[in-house]
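Chemist: One structure follows; several queries about it will come next.
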């Protein structure tokens with residue numbers, strides 16, 4: 141009797157989750173395999189063509205000057221974006237941990253950009269970072285100029301070579317509050333008794349943070365680096381909203397989009413997609429593996 | 015224990031500095047908000063580059079009216095997209111999370127890592143097959159096709175969010191229900207569903223925000239008449255015809271739904287962010 145009931149429930153359980161699991165297997169993993177097949181193919185133009193050409197798309201990409209720009213832009217953007225978010229994130233978290241008045245208000249304030257789309261952020265910041273000079277000057281340049289900080293006036297994302305660095309600013313604006321929240325979670329988990337003990341031993345407040353708190357926050361820093369790093373590798377909307385399809389500010393995700401859907405170079409587009417996937421996998425899989433192991437042992 | 019303890023508490027001046035630092039940072043985060051608001055509420059006559067940082071002399075709605083005229087059909091598209099997406103995602107996530115919590119099935123050790131990694135993949139790596147799939151099924155260009163996309167690629171995060179919530183339901187309760195003869199669905203309906211409200215709020219907000227703010231899927235999968243707000247806004251901002259002041263008002267219009275959610279349900283929003291990032 142009991143046996144029979146269990147079986148009925150097992151069948152029901154399978155019926156309930158099977159569609160979702162199948163959907164993920166097909167739409168995530170099946171489609172990745174399909175993309176790989178496209179990336180090994182000669183598909184150019186609207187009609188699918190799966191003629192196998194081996195690694196030619198990948199080899200051509202590695203020799204493609206535009207892809208070189210993409211890699212450089214991604215590296216510059218990642219270093220500035222991740223570094224900026226970590227710096228602001230830990231700074232704001234420590235600041236908010238001092239028991240100041242209005243703490244929860246400021247915490248919400250630093251976090252609200254997370255609720256907004258990268259497109260809105262990009263459209264507004266593109267205007268704030270308007271590079272026009274002289275009588276057409278506007279945005280932040282106008283503000284700097286009118287308060288006597290005219291040495292800060294610059295060409296933002298239209299700066300030759302380093303335009304991509306300016307795009308890291310809105311990205312940091314959007315994600316540093318989130319980084320702060322990660323750090324605040326970590327700070328709250330450190331027992332007050334540890335700090336007290338250090339203070340009793342004569343450590344100054346700065347020393348308490350440098351010697352005790354920051355080392356204890358290392359796991360948070362690592363998670364934050366991985367989460368922000370994978371966002372950075374995938375950055376797409378923000379670049380499109382600020383820079384459109386300018387090659388000088390190109391990144392792999394934008395190249396994939398334009399070469400596939402504007403240029404009809406499906407084989408090349410797929411190989412960019414697969415390279416992006418590999419780079420994210422290298423970053424994320426060790427971290428996921430670690431956190432899954434921790435979950436199963438705890 | 016040494017003498018240095020004595021010269022440490024120099025608190026008042028440093029505290030003032032901390033507040034100043036806090037206010038400077040607040041200015042940085044408010045800057046885009048400020049420019050959207052002051053520009054939006056100026057009348058067309060008052061808009062000028064030279065005075066863009068000044069407060070408006072009164073409240074005018076010219077910019078918002080113009081922005082709304084441009085965006086209205088796309089706001090409607092976004093709503094048609096986001097409401098079914100959030101609702102269906104939450105229901106699927108709840109059922110999946112429940113079954114995967116209660117039922118240790120063979121292969122579970124493989125399914126979880128696969129689900130988890132599915133949250134992180136760059137969608138460029140599935141975009142070409144997805145477009146082919148949508149073209150073959152006739153869903154290409156439409157809102158239902160885009161909603162289906164968000165629901166499917168939302169399965170990992172919604173399932174894992176509900177699962178991490180359901181894991182905290184005491185085993186004794188489940189056991190007691192089983193002894194009382196409750197089957198799978200009864201256990202879900204009587205024990206898990208009644209305590210699910212917070213998880214539902216987290217997942218509904220998460221999927222609402224993700225679908226509302228998405229650009230990549232939308233720009234690749236929809237026709238211009240079905241463009242959601244993000245694609246329409248980006249297009250409007252890229253055109254030379256629409257004045258910058260209308261662009262600022264349009265940005266605010268596009269941001270308002272998720273901002274309202276954040277202001278009123280920020281707590282849950284944050285929890286969604288954290289579960290998405292840290293936990294499995």
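Protein chains in written order, with my numbering: chain A, 141 to 438; chain B, 15 to 294.
Glycine included, every Cβ here is placed at the ideal spot set by N, Cα and C.
Going along chain B, which residues have a C-beta under 7 Å from residue 430 of chain A?
Modeler: Under the 7 Å cutoff, chain B gives no residues; its nearest Cβ is about 11 Å from residue 430 of chain A.
Chemist: Restricting to Cα atoms, I'd like to know which of B:80, B:50, B:75, B:78 is closest to residue 68 of chain B.
Modeler: B:50
Chemist: For residue 77 of chain B and residue 54 of chain B, which I take to be in contact (beta-carbon distance under 8 Å), what is that distance rounded to the nearest angstrom?
Modeler: Sure, about 5 Å apart at Cβ, within 8 Å.
Chemist: Would you report the Cα separation of residue 234 of chain B and residue 158 of chain B, rounded to the nearest angstrom?
Modeler: 14 Å
Chemist: Sorted by chain position, which residues of the same chain lie with C-beta nearer than 7 Å to residue 57 of chain B's C-beta, five sequence neighbours on each side aside?
Modeler: 74, 76
Chemist: Do the stretch 387 to 399 of chain A and the stretch 127 to 135 of chain B meet, that is, are 3 or more Cβ pairs less than 8 Å apart?
Modeler: Because the criterion of three Cβ pairs below 8 Å is not met, the stretch 387 to 399 of chain A and the stretch 127 to 135 of chain B do not touch.
Chemist: Between which two residues does the alpha helix (DSSP H) harbouring residue 76 of chain B extend?
Modeler: 76 to 116
Chemist: Measure the alpha-carbon distance for residue 224 of chain A versus residue 225 of chain B and round it to whole angstroms.
Modeler: 27 Å
Chemist: Taking the alpha carbon of residue 250 of chain A as the point to measure from, which residue in A:156, A:275, A:236 has its own alpha carbon closest?
Modeler: A:236
Chemist: Give the residues of chain A in contact with residue 54 of chain B, contact being defined as C-beta atoms less than 9 Å apart.
Modeler: Near residue 54 of chain B there are no residues of chain A at all, since even the closest Cβ is about 11 Å away, more than 9 Å.
Chemist: Got a sec: is the Cβ-Cβ distance from residue 218 of chain B to anything in chain A below 8 Å?
Modeler: no
Chemist: Hey, out of A:306, A:244, A:423, A:239, whose CA is closest to residue 269 of chain A's CA?
Modeler: A:306
Chemist: Report the partner residues of residue 236 of chain B according to the DSSP bridge assignment.
Modeler: Note: residue 236 of chain B sits in a beta bridge opposite B:155.
Chemist: How should residue 319 of chain A be labelled, buried or exposed, when 16 other C-beta atoms within 10 angstroms of its C-beta is the threshold for buried?
Modeler: buried
Chemist: Taking CB distances under 8 Å as the criterion, tell me whether residue 153 of chain A reaches chain B.
Modeler: Among the CB atoms of chain B, one or more fall inside 8 Å of the CB of residue 153 of chain A.
Chemist: According to DSSP, which residues form a beta bridge with residue 134 of chain B?
Modeler: Bridge partners of residue 134 of chain B: none, in fact.
Chemist: Just the C-alpha distance for residue 435 of chain A and residue 425 of chain A, rounded to the nearest angstrom, thanks.
Modeler: Approximately 15 Å between the Cα atoms of the pair.
Chemist: Can you tell me whether DSSP reads residue 295 of chain B as helix, strand or coil?
Modeler: Residue 295 of chain B cannot be examined here, being either before or after the span of chain B that is shown, 15 to 294.
Chemist: Quick one: which residues of the stretch 160 to 176 of chain A get their C-beta closer than 8 Å to a C-beta of chain B? List them in chain order.
Modeler: 160, 161, 163, 164, 165, 167, 168, 169, 170, 171, 172, 174, 175
Chemist: Between residue 141 of chain B and chain A, is there a C-beta pair that is closer than 8 Å?
Modeler: yes
Chemist: If you draw a straight line from the alpha carbon of residue 390 of chain A to that of residue 427 of chain A, how long is it in whole angstroms?
Modeler: 28 Å
Chemist: Quick one: what's got a C-beta closer than 6 Å to residue 228 of chain A's C-beta in the same chain, skipping five residues either side?
Modeler: 316
Chemist: Residues of the stretch 236 to 270 of chain B with a CB closer than 9 Å to any CB of chain A: list them in chain order, please.
Modeler: 243, 244, 245, 247, 248, 250, 251, 252, 258, 261, 262, 264, 265, 266, 268, 269
Chemist: Please classify residue 212 of chain B as buried or exposed, where buried requires at least 16 neighbouring CB atoms within 10 angstroms.
Modeler: exposed
Chemist: Runs of 4 residues minimum, wholly inside the stretch 282 to 332 of chain A: which ones carry the alpha helix (DSSP H) assignment?
Modeler: 303 to 328
Chemist: Using a Cβ-Cβ cut-off of less than 9 Å, give me the residues of the stretch 254 to 269 of chain A that come near chain B, in sequence order.
Modeler: 254, 255, 256, 257, 258, 259, 260, 261, 262, 263, 264, 265, 266, 267, 268
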